[in-house]
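Residue 151 in the working numbering sits at position 151 of the sequence shown, and the numbers go up by one each step.
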Amino acid sequence: MVKKLLGVLLLLALISYTAWQNFAPAKTEAAPPQDDLRSYEDGSEQNQDVPASGLEEGKMAPNFSLSTLDGKTVSLSSLRGKKVIVNFWATYCPPCKEEMPQMQTFHEKYGKDVEVLAVNLTSQEINRNSVQKFVDKYHYTFPILLDEKEEIGIKKYKVLLIPTSYFIDEQGKIQQRIEGPMTLKQMEAFAAQ
Numbered sequence: 001m002v003k004k005l006l007g008v009l010l011l012l013a014l015i016s017y018t019a020w021q022n023f024a025p026a027k028t029e030a031a032p033p034q035d036d037l038r039s040y041e042d043g044s045e046q047n048q049d050v051p052a053s054g055l056e057e058g059k060m061a062p063n064f065s066l067s068t069l070d071g072k073t074v075s076l077s078s079l080r081g082k083k084v085i086v087n088f089w090a091t092y093c094p095p096c097k098e099e100m101p102q103m104q105t106f107h108e109k110y111g112k113d114v115e116v117l118a119v120n121l122t123s124q125e126i127n128r129n130s131v132q133k134f135v136d137k138y139h140y141t142f143p144i145l146l147d148e149k150e151e152i153g154i155k156k157y158k159v160l161l162i163p164t165s166y167f168i169d170e171q172g173k174i175q176q177r178i179e180g181p182m183t184l185k186q187m188e189a190f191a192a193q
């Protein structure tokens, strides 16, 4: 009985959504020209040509600043001139747990040349302490950043699947996006580019 009721409600919701999509008045406002809105991701207002930011390969990675587990603030823009791997993860995620030891191995070997930033989707965790316990248990030494309000992973980087990682070059451009666990071989190939 409950399954039938849920099925009917789902069907009604889909019909309502379809009707709304077909009969809602189309928006006729033109989008403002992008050239008039050009600005740096970090808020600087210098009048220079700035590459467009976005999530596609070859675009500038959106800047962010987050606190680490030990209370420091890290911003992506402060790492320009260095390759960066930005990894979005959570402690309850089995594929995230699978890639973490390889990230630690990579960090120990290539940490001077490539920065690993593990951005925890903290708003989806039980609490902040569960993240600290996880990191302490496995002795991870790469920076763990806390996305406590879903502003970076979900809103800015549009992460739908975890883990998701971005390989960002020295100029701040996205070279590759990996959905699912990274391998040590993939990370090493990025370091060698």
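The beta carbon of each residue, even a glycine, is placed where N, CA and C say it ideally should be. Treat the numbers as computed from the prediction; the structure is a model and nothing was measured.
Could you have a look at residue i and say whether DSSP puts it in helix, strand or coil?
| i | result |
| --- | --- |
| V131 | helix |
| M182 | coil |
| T105 | helix |
| I154 | helix |
| Y110 | helix |
| K149 | coil |
| T122 | helix |
| Y138 | helix |
| Q175 | strand |
| F190 | helix |
| L76 | helix |
Given a threshold of 16 other Cβ atoms within 10 Å of its Cβ, counted over all protein chains shown, does residue i qualify as buried or as exposed?
| i | result |
| --- | --- |
| E115 | buried |
| A192 | exposed |
| S65 | exposed |
| I85 | buried |
| N120 | buried |
| Q171 | exposed |
| L160 | exposed |
| E99 | buried |
| G71 | exposed |
| G58 | exposed |
| N129 | exposed |
| A118 | buried |
Please work out which residues of its chain come closer than 8 angstroms, Cβ to Cβ, to residue i, disregarding the five sequence neighbours upstream and downstream, and give them in chain order.
| i | result |
| --- | --- |
| P95 | I162, P163, G180, P181 |
| Q132 | L69 |
Using a Cβ-Cβ cut-off of 7 angstroms (strictly less than) and excluding sequence neighbours within five positions of residue i, which residues of its own chain qualify?
| i | result |
| --- | --- |
| K149 | S123 |
| N127 | none |
| D169 | K83, Q175 |
Can you list, in chain order, the residues of its chain whose CB lies under 6 angstroms from that of residue i, leaving out five sequence neighbours each side?
| i | result |
| --- | --- |
| S67 | T73, L146 |
| M187 | F106 |
| Q104 | Y140 |
| K112 | none |
| I154 | none |
Since residue i and residue j should fall inside the 8 angstroms C-beta cutoff, what is the C-beta to C-beta distance between them, to a whole number of angstroms?
| i | j | result |
| --- | --- | --- |
| A90 | L76 | That belief does not hold up - the Cβ atoms of A90 and L76 are roughly 20 angstroms apart, past 8 angstroms. |
| L55 | K185 | Actually they do not touch by this definition, with Cβ atoms about 24 angstroms apart. |
Notebook entry, point to check: Okay, do the segment 138-148 and the segment 176-189 touch, 3+ Cβ pairs below 8 angstroms being the bar?
Noted result: no
Margin query: Using a Cβ distance threshold of 8 angstroms, determine whether the segment 73-83 contacts the segment 97-108, with at least three qualifying pairs required.
Written below: no
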